[in-house]
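Novice: These protein sequences, in sequence, are chains S and F.
When you line the first sequence up against my numbering, it's residues 1 to 864, in that order.
When you line the second sequence up against my numbering, it's residues 1001 to 1105, in that order.
All C-beta atoms in this analysis are idealised placements derived from N, C-alpha and C, irrespective of residue type, glycine included.
Computed from a predicted structure; not experimentally measured.
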Amino acid sequence: MSWRRYFRRKQWDRERALELEAYLEAETADNAARGMTPVEARRAAMKKLGNPTQIREEIYRMNSLNFIETLWKDLGYALRVLRKSPGFALVAICSLGLGIGANTAIFSVVRAVLLRSLPYPAPERLVLVGREGADAVTMFEYQFWKEHAAVFAGAAGWRGVSDVTLTYRGSVHPIAAGLATADFFRTLGVAPALGREFTSEETRPGGPRAIVLTDALWRSAFGGDPEVLGRAVAIDGASYNIVGVLPRGFWFPEAADAFVPLRFSGSMGDRGMNTVMIARLAGGVSLRQANAGCAALTAEFLSTKPEGLPAKYRGLRVTPYQDTLVGDVRVTLLLLLGAAGLLLLIACSNLAGLLLARLAARQREIALRLALGSGRGRLVRQILTENLVLTLAGGVAGVVLARWVLASFVAMIPFHLPASAPIVLDAPVLAFALGAAIATGVVFSLAPILSAARVDLQTALKAGGRSTAAASRQRARNVLVTAEVALSVTLLVSAGLLMQSLYRLHQEPLGFQPRGVITFLTQPPRGQKPADGWMFEALFERLRGLPGVRGVAAINQLPLVGHGNMPAQVAGQPEKSIGGMEIRVVTPGYFETMGIALRRGRRFTERDTAAAPPVILVNETVARKWWPSGDVLGGRVEVGRFRGKQYFDDPVRQVVGVVADTKTEELKVPPSPTVYLAVPQAEWYDQAMNWVVRVDSTAGMGARIRQAIAEVDPRQRVDRLRAMEEIVASNTRDSRFDAWLFGFFAALALVLTVVGVYGLLAFSVARRASEIGTRIALGASRASVVGLVLKQGIGLVAAGLLLGLAGALAVTRSLASLLFGVRPTDPLSFSAVAVLLLGAGAAASYFPARRAANVDPVVALREE
Amino acid sequence: MLQGTLELLILQTLAPGPAHGHTIAHVIEHRSEEVLQVEHGSLYPALHRLEDRGWIASFWGTSENNRKARYYRLTATGRKQLIEQTGRWDRLTRAVNRVLRPAEE
Chain S
1 MSWRRYFRRK QWDRERALEL EAYLEAETAD NAARGMTPVE ARRAAMKKLG NPTQIREEIY
61 RMNSLNFIET LWKDLGYALR VLRKSPGFAL VAICSLGLGI GANTAIFSVV RAVLLRSLPY
121 PAPERLVLVG REGADAVTMF EYQFWKEHAA VFAGAAGWRG VSDVTLTYRG SVHPIAAGLA
181 TADFFRTLGV APALGREFTS EETRPGGPRA IVLTDALWRS AFGGDPEVLG RAVAIDGASY
241 NIVGVLPRGF WFPEAADAFV PLRFSGSMGD RGMNTVMIAR LAGGVSLRQA NAGCAALTAE
301 FLSTKPEGLP AKYRGLRVTP YQDTLVGDVR VTLLLLLGAA GLLLLIACSN LAGLLLARLA
361 ARQREIALRL ALGSGRGRLV RQILTENLVL TLAGGVAGVV LARWVLASFV AMIPFHLPAS
421 APIVLDAPVL AFALGAAIAT GVVFSLAPIL SAARVDLQTA LKAGGRSTAA ASRQRARNVL
481 VTAEVALSVT LLVSAGLLMQ SLYRLHQEPL GFQPRGVITF LTQPPRGQKP ADGWMFEALF
541 ERLRGLPGVR GVAAINQLPL VGHGNMPAQV AGQPEKSIGG MEIRVVTPGY FETMGIALRR
601 GRRFTERDTA AAPPVILVNE TVARKWWPSG DVLGGRVEVG RFRGKQYFDD PVRQVVGVVA
661 DTKTEELKVP PSPTVYLAVP QAEWYDQAMN WVVRVDSTAG MGARIRQAIA EVDPRQRVDR
721 LRAMEEIVAS NTRDSRFDAW LFGFFAALAL VLTVVGVYGL LAFSVARRAS EIGTRIALGA
781 SRASVVGLVL KQGIGLVAAG LLLGLAGALA VTRSLASLLF GVRPTDPLSF SAVAVLLLGA
841 GAAASYFPAR RAANVDPVVA LREE
Chain F
1001 MLQGTLELLI LQTLAPGPAH GHTIAHVIEH RSEEVLQVEH GSLYPALHRL EDRGWIASFW
1061 GTSENNRKAR YYRLTATGRK QLIEQTGRWD RLTRAVNRVL RPAEE
């Protein structure tokens, strides 16, 4: 047999017809030559040939592929069967579609983020260089390892993006500029499409200022002008020369519109651990060799007497760059995929149960087919075909669903997805969906097939025959429902834990009152700093005068947004040193405006001027740590000094007050030790200020604030104007997403499980109608019949519950990184799920039980 | 005719050169002095089977009396098969003869 001929058999047949016709003509001609009349000659020829149709049929059959014929028949039969029970088909296709759709949508994210490699040549050779557990290095470490590590073919530094204003020929573009060292693009393996990347001259302090544009910015702001190289643009007022344009499709995990040189000047900023070091491994160097090569330099580096290293400094190590990008995302995505997988398994068990029930109803049909000589193998194939038709339809529904929700699902994901290409349903994802559909079909066919293979002809053909096969089917269904309950428990417990985390997160004390506070950020004009009183007088007055404004203040870093720390110690007590003391520079009125409580002493006032004695406020954490006995007021603090060594010049300041702790960077993390300085007394601070404006109602205030600022100074840029509540909400976004998604899956699982329990009991009651009728006829009370059914249902749920709780205990540990304030073994979540499932089981059993109680013994017994 | 014999005869008929169905049947009948009658109902399926195995190949040509006809020719595999099957046939007939006429041996 050959496929080629199978598909060409129609044409083949036409050729045979022609050939036979040619034979007839030849034979007729021979006969005529022997002297027959044409009619006789033809008749004799036909007689000799025999029945041409029969010959053609024989050859046609030889060209057929037997299994395909059966497949068509099975398919036709399956479609007829399904058309007869559209309700079942609908339930099956919908639940499978949901399961497969959820898996497909999540898998397309997994594929784009975890499975696709970075869009650079030899991406597996790119590594991140950093201290253990940290993803950044200091400028000193960067320079030393870049110069000395022979295991790297190239290395470059990166310090994130900042919002700047690009001005070109009078048009102004707010852009995100990335700070990168020379060799940055060479290390990534990307050559600019036009021009070149930075030279080391350009990354030297005081060197010429250069800028590299992305393709998108080049097109939008420069009209794709190929003559753009060498032209000057202004970045925040300073002039930069365009030296290169990146190729279209260039991608870097942190989105930037343009790149400017990162220059190490040895400033305070450079001394912090804030340089991301990316390196390309030299040819033939393995990760292990690279780590060894990096470690070998540690002693030499320490001999250069670098400053500010931790006591147990262990040097730098390398991690594959892609691993560091996906980091936490990997765990979350895999957990989501796991949850979706569980949901699909539950849908599978549910369907397998339904199929077993249908099989029982079709028992006589099957027995009849077996009796008429149908092979069991043929029967198995028939069941498999039917189920695959269902799952493939479910798969199609799933893909349609996934395609439909993918964009909004991806938009819902709150965490940064380091995907270098758009997340789409491409061929591998579709293959995944198809694979999932087929695997599902095979898995849930197993139970029906095993039970169908055991149909006992003799009993099955008798009317109402109750065979051992039926009993084993019942057992199989019990197992399936138990499994369903057990799997749902895992999902429900996970959802419960995540929802509790979310609740705990909302209960976390912030230390300030976000409601009614609007914030925004302004940069001081070039050469000015907040302590000069820059804009404060005019702007403060203007904003305070707006109707509905209760208070106006400013701070260098808002709570829950970012950090800015320096070492500090108690004056004269080097043992009381904190390396990462958060330094906040605030205007008087900040604490009142933000609603931060004063615990001891006083707040800043207008009298804390540059000329006044230097003062400082500390938060409760600092007070507790440094002055456990409570004698905090009058304490003396030196900012910039650590274990006796001075890193930064700041006067000794006297503590005049203690304010409540506020969350520093994240809601999940306890407040950091923080000190507050008054703006006039922090003359060295020359960065942006965040404004906080307390208003009666935030509605419409944003626009009014912008307008007010424009009236004071039309050139003043206002960034990140938003309500403080938004900032708080963005801190719970991840938890909300996790909780809702798991909650959604768990709710679906619960519904499916209830349907499963209900279906099983309803069927079992129908099957045992005559037995129940007999019991009632013999004097069993209705209540005892109800109890009988309830016991069966709750027994199943309880068995599944026990299994599931044990399983969940093992599984929820992997959730730990997503949880907050609740342990993975939280007894409340576990017991709540137990109660919920038992309740749901009882509810699902109630209706079948009532039906059992209403069995009319006369009717039931007559059927026997 | 014995099972498989027809196929052997077809192969043998095609050994000198390509022929169409009618000729093949004619040649077999003629050479066997009309003892072997080729049932045409089995000729074409047999041709088809042989072609399926790749022992013969077919092509459309023009017959002696200028008509379109489907010609069959022996393939290299078919030629090998012909030799092998002829040998097997010889051994079989000798064996059968030995059984049928033991006295003469």
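1) Measure the C-alpha to C-alpha separation of residue 212 of chain S and residue 677 of chain S and round it to an integer number of angstroms.
2) Is the beta carbon of residue 750 of chain S closer than 8 Å to that of residue 492 of chain S?
3) Give the residues from the region 49 to 62 of chain S that approach chain F closer than 8 Å (Cβ to any Cβ), ordered along the chain.
4) Against residue 1065 of chain F, what residues of chain S qualify as contacts under a CB-to-CB distance less than 9 Å, listed in chain order?
5) Out of S:333, S:663, S:672, which one is the CA nearest neighbour of residue 514 of chain S?
6) If I follow the unbroken alpha helix (DSSP H) through residue 36 of chain S, where does it start and stop?
7) Give the residues of chain F in contact with residue 22 of chain S, contact being defined as C-beta atoms less than 9 Å apart.
8) Please report the Cβ distance between residue 811 of chain S and residue 757 of chain S, rounded to the nearest whole angstrom; I am assuming they are in contact, meaning their Cβ atoms lie under 8 Å.
9) Go ahead and label residue 1055 of chain F buried or exposed: buried means 16 or more other beta carbons lie within 10 angstroms of its beta carbon, across all protein chains shown.
10) Would you kindly work out how many angstroms separate the C-alpha atoms of residue 98 of chain S and residue 401 of chain S, rounded to a whole number?
11) Which runs of the beta strand (DSSP E) spanning at least 3 residues fall entirely within the region 250 to 296 of chain S, listed in chain order?
12) Beta-carbon within less than 7 Å of residue 1061 of chain F's beta-carbon, same chain only, minus the 5 sequence neighbours each way: which residues are those?
13) Can you grab the Cα-Cα spacing for the pair residue 816 of chain S / residue 829 of chain S, in whole Å?
14) Who pairs with residue 1073 of chain F in a beta bridge, going by DSSP?
15) Contact criterion: CB-CB distance below 8 Å. Does residue 1039 of chain F meet it with respect to chain S?
16) What is the DSSP secondary structure of residue 1088 of chain F, reduced to helix, strand or coil?
17) Comparing C-alpha positions only, which one of S:596, S:498, S:684 sits nearest to residue 618 of chain S?
18) When you compare only the Cα positions, how much space is there between residue 407 of chain S and residue 104 of chain S?
19) When the Cα of residue 117 of chain S is compared with those of S:299, S:324, S:85, which residue comes out closest?
20) Rank S:807, S:16, S:279, S:219 by C-alpha distance to the C-alpha of residue 143 of chain S and give the top, closest one.
21) Reducing DSSP to helix, strand and coil, say where residue 575 of chain S ends up.
22) Is the beta carbon of residue 588 of chain S less than 8 Å from the beta carbon of residue 640 of chain S?
23) Which whole-angstrom value is the C-beta distance of residue 197 of chain S and residue 186 of chain S, which I expect to be below 8 Å?
24) For residue 714 of chain S, which beta-bridge partners are listed by DSSP?
25) Given 8 Å as the limit, is there contact between the region 212 to 228 of chain S and the region 247 to 256 of chain S, that is, 3 or more CB pairs closer than that?
26) If you reduce the DSSP assignment to three classes, tell me which class residue 521 of chain S lands in.
27) Hey, out of S:853, S:295, S:25, S:55, whose CA is closest to residue 1063 of chain F's CA?
28) Which residues mark the beginning and the end of the alpha helix (DSSP H) in which residue 155 of chain S is found?
29) Give the DSSP-derived three-state secondary structure of residue 120 of chain S in the structure shown.
30) Looking only at DSSP bridge pairs, what is residue 857 of chain S linked to?
31) When you compare each of S:162, S:741, S:813, S:539 to residue 410 of chain S by their alpha carbons, which one comes out closest?
32) State the beta-bridge partners of residue 638 of chain S as determined by DSSP.
33) Just to make sure I have the definition right: I need the residues of chain S whose C-beta is within less than 7 Å of the C-beta of residue 1048 of chain F. Which are they?
34) What does residue 1016 of chain F reach in chain S if we use C-beta pairs closer than 7 Å?
35) Using DSSP with H/G/I as helix, E/B as strand and the rest coil, what is residue 690 of chain S?
36) Can you tell me the Cβ-Cβ gap for residue 432 of chain S and residue 107 of chain S, rounded? I've got them flagged as a contact below 8 Å.
Specialist: Once the coordinates are examined:
1) 39 Å
2) yes
3) 49, 50, 51, 54, 55, 58, 59, 62
4) 25, 26, 29
5) S:663
6) Premise fails: residue 36 of chain S is in no alpha helix (DSSP H) and is neither H nor E.
7) 1020, 1021, 1022, 1063, 1067, 1068, 1069, 1070
8) About 22 Å; that fails the 8 Å criterion.
9) buried
10) 8 Å
11) 258 to 261, 276 to 281
12) 1069, 1071
13) 14 Å
14) F:1057
15) yes
16) helix
17) S:596
18) 13 Å
19) S:324
20) S:279
21) strand
22) no
23) 7 Å
24) Residue 714 of chain S is not bridged to any residue.
25) yes
26) strand
27) S:25
28) Taken as a continuous stretch (DSSP letters only), residue 155 of chain S belongs to no alpha helix (DSSP H), being part of the beta strand (DSSP E) at 152 to 168.
29) coil
30) Note: residue 857 of chain S sits in no beta bridge, so no partner.
31) S:741
32) S:569, S:652
33) 59, 62
34) Per Cβ cutoff of 7 Å: no residues; residue 1016 of chain F is ~19 Å from chain S at best.
35) strand
36) 5 Å
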